[in-house]
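Under my numbering, the residues of the first sequence are numbered 15 to 810, in order. Idealized CB from N, CA, C, for every residue including glycine.
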Amino acid sequence: MIMSHYDPLKIEEKWQKRWEEEKPFAAKDNDNRPKMYLAEMFPYPSGAGLHVGHVRNFSIVDCLARFYTQQEMNVLRPFGYDTFGLPAENYAIKTGIAPQDVTKTNIDNFRKQAKRLGYAIDWDREINTSDPAYYKWTQWCFLQLFKKGLAYQAENYQWWCPVDQTVLANEQVENGCCWRCGHEVEKKKMKQWFFKITAYADELLDEIDNLDWPDKIKTMQKNWIGRSEGAEIDFEIKDHKETVRVFTTRPDTLFGATFLVLAPEHPLITKITTEDARKAMTQYCKDAIKKSEIERQENKEKTGVFTGAYAINPATGKEIPIWVADYVLSGYGTGAIMAVPAHDDRDYDFAEKFDLPIVKVIEKPEDIEDDSKCYHGEGTIINSGAFNGIETAEARDGITDWLEKQGIGHKKVTYRMRDWLISRQRYWGCPIPIAYDKNGKPHAIPEDQLPVLLPKIDDYKPDSSGRSALAKSEEFMKVTIDGEEMTRETDTLDGYACSSWYLWRYTDPHNDKEAWSKEKVNYWAPTDVYCGGDHAVAHLLYIRFWCKFFADEGYLDFREPVKKLLYNGYINAPDGKKMSKSKGNVIDPLDVINSGYGADTLRTYELFIGPYNQDAAWSTEAIGGVYRFLNRCWSLVFDKEMIAESKTVSLRHKTIKKVTEDIYRANFNTAVAAMMEFVNELYKTGAAKDDVVALAKLIKPFAPHLACEMLEKLGSDDVWPKWDDALLVEDSVEMIVQVNGKLRARIQIPAEDAADKAKLEEYAKADAKIASMIADKEIIKTIVVPQGKLVNIVVK
RNA sequence: GCCCGAGUGGUGAAAUUGGUAUACACGUAUGCCUUAGGAGCAUAUGCCUUCGGCGUGCUGGUUCGAGUCCAGUCUCGGGCACCA
15 MIMSHYDPLK
25 IEEKWQKRWE
35 EEKPFAAKDN
45 DNRPKMYLAE
55 MFPYPSGAGL
65 HVGHVRNFSI
75 VDCLARFYTQ
85 QEMNVLRPFG
95 YDTFGLPAEN
105 YAIKTGIAPQ
115 DVTKTNIDNF
125 RKQAKRLGYA
135 IDWDREINTS
145 DPAYYKWTQW
155 CFLQLFKKGL
165 AYQAENYQWW
175 CPVDQTVLAN
185 EQVENGCCWR
195 CGHEVEKKKM
205 KQWFFKITAY
215 ADELLDEIDN
225 LDWPDKIKTM
235 QKNWIGRSEG
245 AEIDFEIKDH
255 KETVRVFTTR
265 PDTLFGATFL
275 VLAPEHPLIT
285 KITTEDARKA
295 MTQYCKDAIK
305 KSEIERQENK
315 EKTGVFTGAY
325 AINPATGKEI
335 PIWVADYVLS
345 GYGTGAIMAV
355 PAHDDRDYDF
365 AEKFDLPIVK
375 VIEKPEDIED
385 DSKCYHGEGT
395 IINSGAFNGI
405 ETAEARDGIT
415 DWLEKQGIGH
425 KKVTYRMRDW
435 LISRQRYWGC
445 PIPIAYDKNG
455 KPHAIPEDQL
465 PVLLPKIDDY
475 KPDSSGRSAL
485 AKSEEFMKVT
495 IDGEEMTRET
505 DTLDGYACSS
515 WYLWRYTDPH
525 NDKEAWSKEK
535 VNYWAPTDVY
545 CGGDHAVAHL
555 LYIRFWCKFF
565 ADEGYLDFRE
575 PVKKLLYNGY
585 INAPDGKKMS
595 KSKGNVIDPL
605 DVINSGYGAD
615 TLRTYELFIG
625 PYNQDAAWST
635 EAIGGVYRFL
645 NRCWSLVFDK
655 EMIAESKTVS
665 LRHKTIKKVT
675 EDIYRANFNT
685 AVAAMMEFVN
695 ELYKTGAAKD
705 DVVALAKLIK
715 PFAPHLACEM
725 LEKLGSDDVW
735 PKWDDALLVE
745 DSVEMIVQVN
755 GKLRARIQIP
765 AEDAADKAKL
775 EEYAKADAKI
785 ASMIADKEII
795 KTIVVPQGKL
805 VNIVVK
């Protein structure tokens, strides 16, 4: 017989053309069916095009989208592009080609490639963050935050290269030098824009436990927010009217505070440093501030300089020296600490190095073993006047209350999370919709003047002002608000701002009156399943923050943007290393398709490669196995004679159950395995029409083109098949006989006897091999029949 | 240093409530078909062996029964890392 041939490229072209014309994936805003909103983290459309990592990510979402569509739900599965950012700007600086033009080329390429994969995308909802019709509303979002005081300006130290006269990102500073010119960089105080994410710190933290998200991400977010409860305490400074405020989580150790330490950036340093210390202090602070965060953390050898000034410990009344050291961070708490060397490792190291007094104030319980140099656990308070003898936990409240009565301390909650710095001195970003009057006061651009358009310019390089290239456009800079001439802000927004609300824009992407309509957003959102493999903290925290803010403002009826998060692993090169252009080990999905495998094989392979949330190495051999499997599916319909009556009814129902439940659990790899088992069996027994119809429906979320081709030939719809529990059972089942927990016999028994424990025992004893093992009845201690299908005989 | 995960064949991995360890796939071997095959189909494939025994990183424990639960330990991966 001449075999016809499974030709994926031909089949896929046919169905993609049909989907392009008929738009079967358009989501309906008014629909009685239950809704299902699925999205992946939208890609940055790089010049390199789609890679196999995108394919894994998109294929997971597509599998779910098609699965729920076949379950007759109203599915929204949109697509878009995160287009602002450094690569396009650097490319423009190098080549002079406008980022707008590069971006358009890249998007066109991404779209074309995504269509080759046959995704069930509602293409009419496509969005692009650098499109003025989109970023108009990013600017609107900024203004809502600005109006509520949650977008604000503050002075902040930034890296500054005095030769290039530009601000540098932390990653652009190498060994204290500029990555471009190699000159030593400095830290410069600059005014920057921030979003006050800390205003939502408590809710962002408390809601984490209720999220259906991977524990890994939840833990990372908790650590990132880093809530600490403690107290702020004011220390008087001898011979000065100023006080030093410190934050501590251990107010119970106040009597053991034998010195204070200020961060090198602390504003009081210049005021209180004595003449003799001044020179050394200036040098120390200058050096410390210059050091990068990384350098400050790498070298844990304690350094510091004494100010010459003394504070008064309010508990003991004693004078204690005030030091400056870079182990105290300016950005956390108050930038100053009370040092308790007896009960804190860092303070202990410092005290030992500079020969400062160590006073023990906690006696550890006798049953606790702890031979470290200083004890930081709980215990009984000593050397603390009226507080002696009480437990540390109690003393934390007691001492805080006492401080509060004196008016020199209070309870305080502090977060490790800082406010979100959003201004970028870059051209290729969303302009911040702000203008400054003559006095430098910021004003919101009126909403009817939005969008603030990003002008096309010739030279994208930042200029000597340290501002973005926008400052060079005189036309852009001038603006009139309420008859007053003002100057525009030249910073652009962090790209993460653009992606903090796109999930809501998808629900109403063409709205030119508002960012989204309340009706549409509350019908579709929150997103039911969101899938990505990156941005564990930043993006996934920012969308939660904006969701809570816009819920407070009445624009959303929900406070968490994503119900279920699927965090997929990476696809690595066959050797297990990261794929990268420079290593030359990149697998191009289009090459895989065009080599003859087709998109269905690629998609199914990437879902079969392993658990979706685990990294996987590409295998050029294993993908062939998936192709063979699809080929066998195809042959069942197009090559083989069908049999009249199915011989695999029970397995068919088992397979339907397994695949359905596996997709709900996101166990895509075992769902594919179950279908392979089913096909292998059909090859042995022959396949009836019911068998292949079920198979085609089950395989559609994985290999949609092939499935459509099969269903068309079979004249079937694609409605998701159901299983019948009664049909899962086969006529005869295998029972297991163990002796002392070890497998000794397998016996075929009628299925209806499987639940009858007495009968199972009889079968077991009747088996020749078992009978010989227990011929001497004396040795039987007990017989355990825990449930259907298993007997364990325990012998002496 | 602290906090999480994970260790199962030659390889990627299954085992969903404590109940047949290694499903499915790759690779390998053999056969069939073929002018030919890097195609297709079929069979076999944890280890040692004569019966039989041993096997889920290692050492113990609980249990009639442990990959799964408990204690300890080793290794690898990830996150945080002077946050007071």
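In the structure shown, the three-state DSSP call for isoleucine 376 is strand. Pairing glutamate 499 with isoleucine 448 gives a Cβ-Cβ distance that is not under 8 angstroms. The beta carbons of isoleucine 422 and isoleucine 247 sit about 7 angstroms from each other, so the pair counts as a contact at 8 angstroms. Here the C-alpha atom of phenylalanine 692 lies approximately 25 angstroms from the C-alpha atom of threonine 634. Between glycine 547 and tyrosine 584, the C-beta gap is smaller than 8 angstroms, which places the two residues in contact. DSSP, reduced to helix, strand and coil, places tyrosine 584 outside both helices and strands of the structure shown, so it counts as coil.
Cβ-Cβ distances below 6 angstroms link proline 59 to Tyr95, Asn120, Ile121, Phe124 in the same chain, with the five nearest sequence neighbours on each side left out; the list follows chain order. Rounded to whole angstroms, the separation of the alpha carbons of aspartate 290 and glycine 347 is 29 angstroms.
Within a 10 Å sphere around the beta-carbon of isoleucine 141 sit 16 or more other beta-carbons, which makes this residue buried.
When secondary structure is reduced to three states using DSSP, aspartate 226 falls in the strand class. Taken in chain order, the whole alpha helix (DSSP H) runs of length 4 or more contained in the segment 98 to 128 are 100 to 109. A residue is called buried when at least 16 other Cβ atoms come within 10 angstroms of its Cβ; glycine 610 does not meet this threshold and is exposed.
Around isoleucine 25, the same chain offers His719, Glu723 as residues with beta carbons nearer than 6 angstroms, after the five sequence neighbours per side are excluded. The DSSP-derived three-state label of serine 633 is coil. The straight-line gap separating the alpha-carbon atoms of leucine 64 and serine 73 is approximately 13 angstroms.
When the beta-carbon positions are compared, valine 743 and serine 664 come within less than 8 angstroms of each other. Sequence-distant partners of alanine 407 (beyond 5 residues in either direction) whose C-beta falls short of 7 angstroms from its own C-beta, in its chain, are Glu392. By the Cβ criterion, the segment 198 to 210 is not in contact with the segment 223 to 239, since fewer than three pairs of Cβ atoms, one from each stretch, lie closer than 8 angstroms. Rounded to whole angstroms, the separation of the alpha carbons of leucine 218 and alanine 325 is 38 angstroms. Taking the Cα of tyrosine 520 as reference, the smallest distance to any Cα among Phe622, Val640, Tyr148 is reached at Tyr148. Straight-line spacing of the CA atoms in valine 199 and valine 275 works out to 27 angstroms. Taking the Cβ atoms as the reference, proline 146 lies roughly 5 angstroms from proline 465, within the contact range of under 8 angstroms.
Counting along the chain, the unbroken alpha helix (DSSP H) around alanine 710 starts and ends at 703 to 713. The three-state reading of DSSP puts histidine 553 in helix, counting H, G and I together. Leaving aside the five residues that flank valine 706 on each side, the residues in its chain whose CB is nearer than 6 angstroms to its CB run, in chain order, Leu650, Val651.
When only Cα atoms are considered, phenylalanine 93 and tryptophan 151 end up about 18 angstroms apart.
The way I'd put it, the segment 482 to 489 doesn't touch the segment 108 to 120; fewer than three beta-carbon pairs between them come closer than 8 angstroms. The C-alpha of asparagine 586 lies about 22 angstroms from the C-alpha of cysteine 77. Aspartate 248 sits in a strand when the DSSP states are folded into three classes. Between aspartate 614 and alanine 685, the CB-CB gap reaches or exceeds 8 angstroms. Comparing C-alpha distances from glycine 509 to each of Arg32, Thr97, Phe81 shows the shortest one belongs to Thr97. Beta-bridge analysis with DSSP links alanine 765 to no other residue.
The Cβ atoms of leucine 709 and cysteine 647 sit closer than 8 angstroms to each other. Scanning its chain for C-beta atoms nearer than 8 angstroms, with the 5 sequence neighbours on each side dropped, one finds around leucine 696 the residues Leu650, Thr662, Asp705, Val706, Leu709, in chain order.
Under the DSSP definition of a beta bridge, alanine 353 partners with Phe273. Between leucine 282 and the set Thr257, Asp266, Leu268, the nearest pair of CA atoms involves Thr257.
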